[in-house]
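Numbering (the working numbering), first residue to last: 2 to 413.
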């Protein structure tokens with residue numbers, strides 16, 4: 002389960018880092034005067050953003066090893082690259098939000114205009130009186146023109162009697178009905194055209210009345226607490242929030258995700274317990290002779306009833322070789338109640354011992370970690386790290402240890 006969470010965390014942090022790098026690359030490309038210069042700036046911006054994600058590993062590792070100058074340099078680099086990445090993220094987020102809001106505003110305004118035109122056309126259509134289809138009315142007009150009265154009245158330009166007057170009134174009524182039919186056709190075509198434009202305003206989707214609905218809703222909620230908050234203020238806050246999300250997520254996401262695997266944990270085996278010299282010497286002493294009773298073979302057997310045999314030594318168990326820190330502890334350190342050693346004094350004596358043994362001493366952090374694994378109690382007293390219950394062996398004891406070691410080598 003821990004590994005699954007770690008993998009998911011790395012994937013999520015990788016997505017945030019990829020998005021942040023893409024934004025930095027686009028911002029860097031826009032700075033170039035030529036295409037090649039833009040590529041240079043873009044590559045540098047993307048590399049700086051990747052460095053932003055790696056610096057936390059270097060920074061905390063330097064603190065762990067007490068390399069303060071490297072920790073300070075890491076912090077300085079992180080501040081610079083993060084500030085640069087933050088400015089590019091702010092610019093990119095603001096540009097996209099303003100573009101989107103501007104497009105929505107233009108779409109909303111155009112939609113409102115089309116709705117007004119549609120309302121006017123529908124109102125004009127409602128004013129037109131009832132009429133027959135234009136083709137039917139035109140057919141009646143053509144039939145009227147074929148009558149003799151049409152010629153007698155000179156196309157209804159000269160009305161002389163009641164009969165001709167009735168004929169011309171019929172003709173004019175048909176002409177008015179034809180005009181209404183034609184006007185209706187024109188308005189219906191205009192209404193269809195406006196409706197088509199309204200559909201194309203936002204690609205067939207519903208047009209929003211607000212340019213930035215999210216900012217508008219948040220502004221209304223914020224107005225309950227601070228009535229002076231405007232939509233523009235909320236848009237600025239959202240832009241900053243998006244930029245911080247990308248920068249913090251991409252900057253520390255990898256470091257947090259890799260914490261599942263505990264990169265800085267030490268998995269070295271525990272050091273063996275160190276026995277006193279007398280106990281060690283007794284353990285390797287020669288096996289003693291043991292008298293083993295043998296059963297009698299007969300009455301006239303004059304041989305001794307017992308026979309001395311040497312018991313075979315028990316099989317020895319393989320032990321891992323001691324490292325330099327364990328040897329130093331055995332040769333130069335003694336247990337002493339009520340005494341303590343500072344970490345500096347202990348490390349200086351260790352360096353002197355390494356010089357005598359012609360060995361390369363370990364770094365102070367590594368030595369402190371391996372020495373602490375021997376089970377020695379450590380505490381911070383008066384601002385200094387001290388090891389409790391141990392002391393350095395005196396010069397006389399060191400000489401006796403050297404003689405004992407030489408004697409053992411000769412005896413072997």
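Glycine is no exception: its CB is placed at the ideal position from the N, C-alpha and C atoms.
Query, Result
"Limits of the alpha helix (DSSP H) - the one that residue 335 falls within", "No alpha helix (DSSP H) holds residue 335; the beta strand (DSSP E) holding it covers 334-343."
"Status (buried if at least 16 other CB within 10 Å, exposed otherwise) for residue 80", "exposed"
"Minimum length 4: unbroken alpha helix (DSSP H) runs contained in the segment 20-67", "36-65"
"Boundaries of the beta strand (DSSP E) in which residue 380 is found, first to last residue", "378-382"
"For residue 386, the first and last residue of its enclosing beta strand (DSSP E)", "385-393"
"Assigned secondary structure, residue 158 (DSSP; H/G/I helix, E/B strand, else coil)", "coil"
"Assigned secondary structure, residue 231 (DSSP; H/G/I helix, E/B strand, else coil)", "coil"
"Straight-line Cα distance separating residue 188 from residue 430", "The requested residue 430 does not occur in the structure, where the chain is confined to residues 2 to 413."
"Classification of residue 25 by the beta-carbon crowding that lies within 10 angstroms, buried from 16 upward", "buried"
"Alpha-carbon spacing of residue 184 relative to residue 200, whole angstroms", "24 Å"
"Which of helix, strand or coil DSSP assigns to residue 97", "helix"
"C-beta contact flag for residue 38 and residue 86 at 8 Å", "no"
"Whether residue 257 touches residue 29 by CB criterion (8 Å)", "no"
"Pair within 8 Å by beta-carbon distance, residue 132 and residue 198", "no"
"Residue 360 (DSSP reduced to helix, strand or coil)", "coil"
"Residue 253 versus residue 332: straight-line alpha-carbon distance, rounded", "46 Å"
"Touching by the beta-carbon criterion (3+ pairs, under 8 Å), the segment 235-242 and the segment 68-79", "no"
"Spatial neighbours of residue 178 in its chain, beta-carbon cut-off 7 Å, leaving aside the 5 residues before and after", "132, 133, 138"
"Assigned secondary structure, residue 236 (DSSP; H/G/I helix, E/B strand, else coil)", "helix"
"Backbone secondary structure at residue 248 - three-state DSSP", "helix"
"Spatial neighbours of residue 305 in its chain, beta-carbon cut-off 6 Å, leaving aside the 5 residues before and after", "Low per-residue confidence applies at residue 305: pLDDT is 44, beneath 50, and the placement is therefore not dependable, though the value from the model is reported in the following sentence. Hits under 6 Å: none found."
"Range of the contiguous alpha helix (DSSP H) that encloses residue 136", "135-146"
"C-alpha gap between residue 125 and residue 175, whole angstroms", "21 Å"
"Contacting residues, own chain, Cβ-Cβ under 8 Å from residue 248 (five flanking each side not counted)", "21, 53, 83, 86, 87, 90"
"Coarse secondary structure for residue 131, derived from DSSP in three states", "coil"
"Residue 55 versus residue 7: straight-line alpha-carbon distance, rounded", "17 Å"
"Three-pair Cβ contact test at 8 Å for the segment 218-232 versus the segment 158-177", "no"
"The alpha helix (DSSP H) enclosing residue 365, as first and last residue numbers", "365-373"
"Close beta carbons around residue 130, own chain, < 7 Å, minus the five adjacent residues each side", "181"
"Option nearest residue 346 by Cα separation, candidates 142, 166, 334", "334"
"Cα-Cα separation between residue 59 and residue 259, rounded to whole angstroms", "13 Å"
"Per-residue burial, residue 371 [other beta carbons within 10 Å of its own, 16 or more giving buried]", "buried"
"CB contact flag (residue 362, residue 352, <8 Å)", "yes"
"Outcome for residue 387 when other beta-carbon atoms lying within 10 angstroms are tallied against a minimum of 16", "buried"
"Straight-line gap, residue 122 to residue 186 (C-alpha atoms, nearest Å)", "12 Å"
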